[in-house]
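Following: one structure in C-alpha cells, then a few remarks.
Protein chains: 2
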Amino acid sequence: MEFYEVVKTRRSIRSYKPDIPPQDVLDRISEAARIAPSGSNRQPWRFIFVTDPSLKKKLVSACGNQKFVGEAPVVVVACGYDIKYNRGGYMGGMSFLVDVSIAFTHLILAARSEGLGTCWIGEFENEKVKRILGIPDGYNVVAVTPLGYPREDGFRETDRRKPMAEIMSINKF
Amino acid sequence: MEFYEVVKTRRSIRSYKPDIPPQDVLDRISEAARIAPSGSNRQPWRFIFVTDPSLKKKLVSACGNQKFVGEAPVVVVACGYDIKYNRGGYMGGMSFLVDVSIAFTHLILAARSEGLGTCWIGEFENEKVKRILGIPDGYNVVAVTPLGYPREDGFRETDRRKPMAEIMSINKF
Numbered sequence: 323m324e325f326y327e328v329v330k331t332r333r334s335i336r337s338y339k340p341d342i343p344p345q346d347v348l349d350r351i352s353e354a355a356r357i358a359p360s361g362s363n364r365q366p367w368r369f370i371f372v373t374d375p376s377l378k379k380k381l382v383s384a385c386g387n388q389k390f391v392g393e394a395p396v397v398v399v400a401c402g403y404d405i406k407y408n409r410g411g412y413m414g415g416m417s418f419l420v421d422v423s424i425a426f427t428h429l430i431l432a433a434r435s436e437g438l439g440t441c442w443i444g445e446f447e448n449e450k451v452k453r454i455l456g457i458p459d460g461y462n463v464v465a466v467t468p469l470g471y472p473r474e475d476g477f478r479e480t481d482r483r484k485p486m487a488e489i490m491s492i493n494k495f
Numbered sequence: 323m324e325f326y327e328v329v330k331t332r333r334s335i336r337s338y339k340p341d342i343p344p345q346d347v348l349d350r351i352s353e354a355a356r357i358a359p360s361g362s363n364r365q366p367w368r369f370i371f372v373t374d375p376s377l378k379k380k381l382v383s384a385c386g387n388q389k390f391v392g393e394a395p396v397v398v399v400a401c402g403y404d405i406k407y408n409r410g411g412y413m414g415g416m417s418f419l420v421d422v423s424i425a426f427t428h429l430i431l432a433a434r435s436e437g438l439g440t441c442w443i444g445e446f447e448n449e450k451v452k453r454i455l456g457i458p459d460g461y462n463v464v465a466v467t468p469l470g471y472p473r474e475d476g477f478r479e480t481d482r483r484k485p486m487a488e489i490m491s492i493n494k495f
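Protein chains in written order, with the numbering used here: chain A, 323 to 495; chain B, 323 to 495.
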C-alpha cells in the first residue's frame with residue numbers, strides 16, 4: 323500500500339473479527355518493528371503477541387476493562403528497558419519511551435498496510451500486565467494494542483486534528 | 323512509495339545537499355505528522371522548521387556539535403507538553419514522549435517517502451534549544467532532525483538489528 327494512504331487511513335479500530343491473521347502477515351508486521359531506528363541503535367524493546375484466550379481476558383482487566391481489546395485475535399504488548407540515556411537532560415530513565423514508541427508506530431502502520439486494525443491503548447496497569455505476561459524487572463510496558471481484521475470498514479481519513487497553524491511554525495516557536 | 327519500501331530503506335543520513343525541499347513536499351511531510359494518533363487525541367505536540375542559518379548554527383552547538391545537523395537546509399525540532407496523563411501508572415509527566423514520538427515517526431517516514439533524509443537526534447540540550455527557538459515553559463524538546471536531500475544515496479536496508487527471536491515472543495515474555 324502507498325505510504326500516505328497508510329498514514330491517512332489508519333484509524334483506531336474498536337471492533338474486530340475473530341480471524342487470526344496469516345503468519346506471513348504477522349511476520350511482515352513484526353519485521354517493520356524490528357528494523358525501526360533507536361538511539362545509538364540500542365533497540366531497547368520487546369514485543370509480546372498474545373493469542374491465548376485466558377491471558378487476553380486478564381489483559382482486558384489490566385486495560386481498564388476495554389472489552390474490545392480482548393475481542394481481537396491478537397493483543398500486542400510492547401515493553402522496553404531503561405537504556406541509561408537521559409535524552410535532553412530531562413528524560414531521566416524514561417528515554418526508552420521514545421525508542422519503543424518509534425518501533426510500535428512502525429508496527430501500527432504496517433498493520434494498517436495489511437488491512438489489519440489496531441488501537442494504541444494508553445490505559446493499562448504496568449505492574450498488572452507485567453505479572454500476567456511474566457515481564458521481568460527492568461522492563462516496563464509502553465503500549466498495548468489489539469490486532470485483527472476490523473469488523474466494519476473503519477479505515478478512513480481523520481478530521482479531528484488541530485489545524486496546521488497551531489502545531490507548526492517556522493524558525494521560532 | 324510503497325509502505326514497506328519506506329520503512330526498510332529509511333536510514334540515518336549524515337550528509338546533506340543544501341537544496342531546500344519544495345513547499346509542497348514539506349507540506350505533505352507536515353501533514354503526515356499532523357494526522358498522527360495520540361492518547362485521547364490530545365495532540366500534545368509542536369514542530370518547528372528551522373531554516374535560518376544563524377539559528378541552525380546555534381542548534382548545532384545545542385546538539386553536541388554534530389556539524390551535519392547544520393548542513394541540512396532544514397532542522398526540525400519536535401516539542402511537546404505534559405498532558406497530565408500517567409500512562410501505565412509509572413510514566414508520570416513523561417507520557418507526552420510517547421505521543422510526540424508517534425508524530426515524529428510519521429514525519430521521519432514521510433520524509434523518506436519523498437526522497438528526503440533525516441537523522442533522529444537524541445543528543446540535545448533541552449534548555450538550550452528552548453532558549454534558541456523561544457519555546458515556552460511547559461514545553462520540552464523531544465527530538466531534533468536535520469531534513470534535506472542526501473548528498474549520496476544512503477537509502478538502503480539495514481542489517482544491524484537484533485534477531486527476531488530476541489525481541490518477539492508469543493503469549494509470555
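Backbone N, C-alpha and C define an ideal beta-carbon position, used for all residues, glycine too. Values in this document were obtained by computation on a predicted structure and should not be read as measured data.
For residue i, write down the residues that DSSP places opposite it in a beta bridge.
i      : result
B:C401 : B:R368, B:V463
B:T440 : B:S334, B:L469
B:E449 : According to DSSP, which records beta bridges pairwise, B:E449 is partnered with nothing at all.
B:E324 : A:E324
B:V396 : B:L469
Can you grab the Cα-Cα spacing for the pair residue i / residue j, in whole Å?
i      : j      : result
B:I492 : A:D421 : 21 Å
A:G386 : A:V464 : 15 Å
A:K389 : A:L381 : 10 Å
B:M402 : A:G437 : The question names Met, yet the displayed sequence has Gly at residue 402 of chain B. Their Cα atoms are separated by approximately 31 Å.
B:V372 : A:F325 : 25 Å
B:A355 : B:D346 : 15 Å
A:E449 : B:T440 : 36 Å
A:A432 : A:M323 : 9 Å
A:Y338 : A:R478 : 16 Å
A:R350 : A:R409 : 30 Å
A:F446 : B:E445 : 30 Å
B:I405 : B:E393 : 34 Å
B:E474 : A:P340 : 47 Å
B:A425 : A:I489 : 11 Å
A:K330 : A:K484 : 15 Å
A:L348 : B:G411 : 30 Å
A:D374 : B:D374 : 55 Å
Do residue j and residue i count as a contact pair if the criterion is CB distance below 8 Å?
i      : j      : result
B:V396 : B:G470 : yes
B:S352 : B:F369 : yes
A:P366 : A:F418 : yes
B:V328 : B:S423 : no
B:I342 : B:P472 : no
A:T427 : B:T467 : no
B:T480 : A:I430 : no
A:I443 : A:L377 : no
A:E416 : B:M413 : It is Met, not Glu, that sits at residue 416 of chain A in the sequence shown. Yes, these two residues count as a Cβ contact at 8 Å.
A:G476 : A:R333 : yes
B:R482 : A:N363 : yes
A:Y407 : A:G460 : no
Determine the extent of the alpha helix (DSSP H) in which residue i is found, giving its start and end residues.
i      : result
B:S352 : 345-356
A:S376 : 375-384
B:M490 : Counting along the chain, B:M490 falls outside any alpha helix (DSSP H), though it belongs to the beta strand (DSSP E) covering 490-492.
B:E393 : 389-393
B:T427 : 418-435
Report, in whole angstroms, the separation of the C-beta atoms of residue i and residue j, which I expect to be a contact under 8 Å.
i      : j      : result
A:V391 : A:V451 : The Cβ separation is near 11 Å, so there is no contact.
A:P458 : B:F495 : 7 Å
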